[in-house]
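Numbering-wise (the UniProt record's numbering), the sequence shown opens with residue 1 and increments by one. Ideal Cβ placement from N, Cα and C applies to all residues, glycine included. Below: the structure, in structure tokens.
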Amino acid sequence: MSQKDDSVSISGSEVARHNTKDSCWLAVRGRVYDVTNFLDEHPGGARVILNCAGRDATDEYDAIHPAELIEETLPSSAFQGAVDPSTLSNRNLPKPAQQDPTKTSASAGPPPLSTLLNLRDFEQIAEKYLPANAWAYYTAGADDEYSKAEAELAYRKVLLRPRILRNVGNIDTSTKILGCDVSLPVYMSAVGIAKFAHPQGECTLAAVAGREGLAQLVATRSSMSLQSIMQARTGGDQQPIFFQLYMHKYQKISETTILKAVNSGIKGIWLTVDSPVTGKRERDERLKAEVDVGEQNKQLSGKSQPVQGIAKTLSSTVSPYLDWNTIAWIRSLTSLPLVIKGIQCVEDAVLAYQHNVDGIVLSNHGGRSQDTAQAPLLTLLEINKYAPIIMKTKKMQIFIDGGIRRGTDVIKALALGATAVGLGRPFLYSMSAGYGEAGTRRMIEILREEIEMNMALAGATKISELEMGMLNTARLERDLTTLARL
Numbered sequence: 001m002s003q004k005d006d007s008v009s010i011s012g013s014e015v016a017r018h019n020t021k022d023s024c025w026l027a028v029r030g031r032v033y034d035v036t037n038f039l040d041e042h043p044g045g046a047r048v049i050l051n052c053a054g055r056d057a058t059d060e061y062d063a064i065h066p067a068e069l070i071e072e073t074l075p076s077s078a079f080q081g082a083v084d085p086s087t088l089s090n091r092n093l094p095k096p097a098q099q100d101p102t103k104t105s106a107s108a109g110p111p112p113l114s115t116l117l118n119l120r121d122f123e124q125i126a127e128k129y130l131p132a133n134a135w136a137y138y139t140a141g142a143d144d145e146y147s148k149a150e151a152e153l154a155y156r157k158v159l160l161r162p163r164i165l166r167n168v169g170n171i172d173t174s175t176k177i178l179g180c181d182v183s184l185p186v187y188m189s190a191v192g193i194a195k196f197a198h199p200q201g202e203c204t205l206a207a208v209a210g211r212e213g214l215a216q217l218v219a220t221r222s223s224m225s226l227q228s229i230m231q232a233r234t235g236g237d238q239q240p241i242f243f244q245l246y247m248h249k250y251q252k253i254s255e256t257t258i259l260k261a262v263n264s265g266i267k268g269i270w271l272t273v274d275s276p277v278t279g280k281r282e283r284d285e286r287l288k289a290e291v292d293v294g295e296q297n298k299q300l301s302g303k304s305q306p307v308q309g310i311a312k313t314l315s316s317t318v319s320p321y322l323d324w325n326t327i328a329w330i331r332s333l334t335s336l337p338l339v340i341k342g343i344q345c346v347e348d349a350v351l352a353y354q355h356n357v358d359g360i361v362l363s364n365h366g367g368r369s370q371d372t373a374q375a376p377l378l379t380l381l382e383i384n385k386y387a388p389i390i391m392k393t394k395k396m397q398i399f400i401d402g403g404i405r406r407g408t409d410v411i412k413a414l415a416l417g418a419t420a421v422g423l424g425r426p427f428l429y430s431m432s433a434g435y436g437e438a439g440t441r442r443m444i445e446i447l448r449e450e451i452e453m454n455m456a457l458a459g460a461t462k463i464s465e466l467e468m469g470m471l472n473t474a475r476l477e478r479d480l481t482t483l484a485r486l
């Protein structure tokens with residue numbers, strides 16, 4: 001959108017008159033936009049915008065979107081002029097950053113970071129200090145959240161078999177992810193709406209990743225622009241930031257997205273395939289994180305519409321039409337490494353291997369897509385049993401996420417053949433309660449110490465020395481399928 005003359009002044013009462021589907025205005029940071037013609041194009045649906053019609057929508061907009069998105073998306077004709085925000089109505093919704101009054105409040109503020117000793121401590125703090133809608137969105141799993149819980153339980157089913165009398169005086173946790181050097185076999189998984197946890201969201205994570213030598217995966221629908229995330233890097237141009245791609249229903253839009261990401265300097269494309277539709281995340285939906293617009297819904301269809309949670313709102317443009325031909329199409333646009341994110345069985349791991357992708361992520365979307373989908377660690381064991389060629393050739397890197405909360409979890413995954421593990425929710429929790437960069441660095445410090453300590457206890461001084469002989473997988477093997485068809 002080209003900039004118009006901000007000297008054109010519009011009164012708050014004039015904005016308030018445009019509060020219907022036929023004439024819908026809203027204000028963001030003192031600038032008034034006519035979004036009437038954009039209602040049906042909005043990825044989250046028209047009613048999300050109608051809930052903000054005729055008033056100041058800055059809080060709702062800034063909580064989810066990159067600042068510049070509105071200017072990049074709307075035509076110049078949509079800008080109507082400037083308005084004094086103090087004259088605007090801001091009814092219905094609490095500010096996204098407000099503390100939920102139903103939660104326990106600690107007037108003295110969150111505890112010192114030095115008192116937090118594990119990743120669970122950060123989660124407990126986040127539950128107290130995050131707004132209710134943010135907590136529901138971050139923590140929600142699908143249906144009964146069985147898969148979310150099972151992802152963690154799978155690691156408890158694998159026991160360690162430490163080796164002794166090995167010189168473990170020097171521990172090296174460094175490795176390579178798709179050719180990029182990292183200090184830990186841990187990367188930041190793509191997360192949605194990181195601004196819920198901290199105003200700078202993904203930019204905060206990028207700054208920490210550079211200082212700590214970690215890789216970061218940035219979501220298509222990140223709450224900060226990709227440009228601002230790349231600018232927030234503290235590790236130089238070689239700092240590894242990868243792009244998690246959600247294919248859009250309209251392929252041309254995805255093509256533009258991919259090319260823009262490639263030109264920004266990202267190190268690879270990670271295609272998400274485990275959420276062709278959004279799972280039923282009842283915790284998110286029950287809270288009605290998106291407030292029902294009541295009678296305004298009737299303007300859209302003549303009947304009341306069910307309230308969607310944040311997840312369904314954000315996922316409404318994701319394509320359900322992906323197939324294995326999509327890989328060749330992406331390859332035609334870029335030569336960057338390509339990873340398939342969301343492998344949930346050995347058969348699809350083998351197909352990915354046959355399609356010569358550079359890596360796969362064993363993931364069930366954090367238990368947020370299909371409930372009762374098997375744990376990613378079980379899929380890793382499945383590959384070891386039924387497709388050992390993938391492990392032996394090492395031409396395709398294997399990543400895994402979901403349920404990882406301890407250093408022992410990390411070394412178990414690595415001993416089973418994973419290249420690195422991804423964590424999502426813990427990084428969000430670490431930024432909450434105002435901790436920001438310091439909180440995330442403390443979380444990484446804890447995880448780094450646990451990994452180094454448990455490598456030494458297991459008898460390994462570097463990642464390559466972690467192997468299956470250090471594990472007792474008997475309990476997890478009881479859950480292995482006998483029906484794999486290769």
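For Cys180, the uninterrupted beta strand (DSSP E) run begins and ends at Cys180 to Val182, by DSSP. The residue among Cys24, Arg478 and Ala78 with its C-alpha nearest the C-alpha of Ala154 is Arg478. Between Val318 and Ile343 a beta carbon distance of about 18 Å is seen, past the 8 Å cut, so the two are scored as non-contacting.
Around Thr58, the same chain offers Val28 and Arg29 as residues with beta carbons nearer than 6 Å, after the five sequence neighbours per side are excluded. Distance from the CA of Gly179 to the CA of Pro75, rounded to the nearest whole angstrom, comes to 41 Å. Judged by beta-carbon spacing, Met188 lies beyond the 8 Å limit of Leu226, meaning their Cβ atoms are not closer than that value.
Among the bridge pairs identified by DSSP, Asn19 is matched with Cys24. For Leu117, the three-state secondary structure derived from DSSP is coil.
Taking Arg425 as the centre and dropping the five residues before and after it, the same chain places the C-beta of Glu123, Tyr138, Thr139, Val191 and Gly366 closer than 8 Å to its C-beta, in chain order.
Counting the other CB atoms within 10 Å of its CB gives Ala108 a total below 16, which places it among the exposed residues. In the DSSP annotation of this structure, the continuous segment of the beta strand (DSSP E) that includes Tyr33 starts and ends at Arg31 to Asp34.
For secondary structure counted as the alpha helix (DSSP H) over 4 or more consecutive residues, the segment 354 to 393 holds these complete runs in sequence order: 376 to 386 and 388 to 393. Membership of Met188 in the beta strand (DSSP E) is indicated by the continuous run Val186 to Met188. Its Cα nearest to that of Lys394, the residue Thr419 stands out among Thr419, Arg211, Ala438 and Pro240. Between His65 and Ser264, the gap from beta carbon to beta carbon reaches 8 Å or more.
DSSP, read as helix, strand or coil, puts Ile64 in helix. Collapsing the DSSP output to three states places Asp172 in a strand.
A check of alpha carbon separations from Ser89 across Ser11, Ile229 and Gln370 identifies Ser11 as the nearest.
Taken atom to atom, the span from the alpha-carbon of Lys385 to that of Ala349 is near 12 Å. Ser363 is a Cβ neighbour of Asp274, given a cutoff of 8 Å.
Taking 8 Å as the cut-off, the beta carbon of Asp371 is found closer than this to the beta carbon of Glu145. Here DSSP, grouped into helix, strand and coil, assigns Leu39 to helix. Judged by DSSP secondary structure, Ile340 falls within the beta strand (DSSP E) whose first and last residues are Leu338 to Ile343. Counting C-beta atoms within 10 angstroms of its own C-beta, Ser335 has fewer than 16 neighbours from the protein chains shown and is therefore classed as exposed. Per DSSP, the unbroken alpha helix (DSSP H) holding Gly201 starts and ends at Gly201 to Glu212. Counting C-beta pairs closer than 8 Å gives three or more between the segment 446 to 466 and the segment 407 to 415, which meets the contact rule. Going by DSSP, Asp409 is part of the alpha helix (DSSP H) stretching over Gly407 to Ala415. Exposed is the label assigned to Lys249, since fewer than 16 other Cβ atoms lie within 10 Å of its Cβ.
Taking a C-beta distance under 8 Å as the contact criterion, Ile340 and Leu423 do not qualify as a contact pair. Here Asp84 is exposed: its Cβ has fewer than 16 other Cβ atoms, across all protein chains shown, within 10 Å. Close CB contacts of Ala484 within its chain, under the 6 Å cut and outside five residues either way in sequence, are with Val346 and Tyr386 (chain order). Distance from the Cα of Met443 is smallest, within the candidate group Asp34, Ile266, Val182 and Val208, for Val208. The distance from the Cβ of Glu212 to that of Ser174 is about 12 Å, inconsistent with a contact at the 8 Å cut-off.
Using a 10 angstroms sphere on the CB of Trp25, the tally of other CB atoms reaches 16 or more, which defines it as buried.
If you compare the alpha carbons of Glu445, Lys462 and Leu480 with that of Asn167, the shortest gap goes to Lys462.
Taking the Cα positions, Leu116 is about 14 Å away from Arg448.
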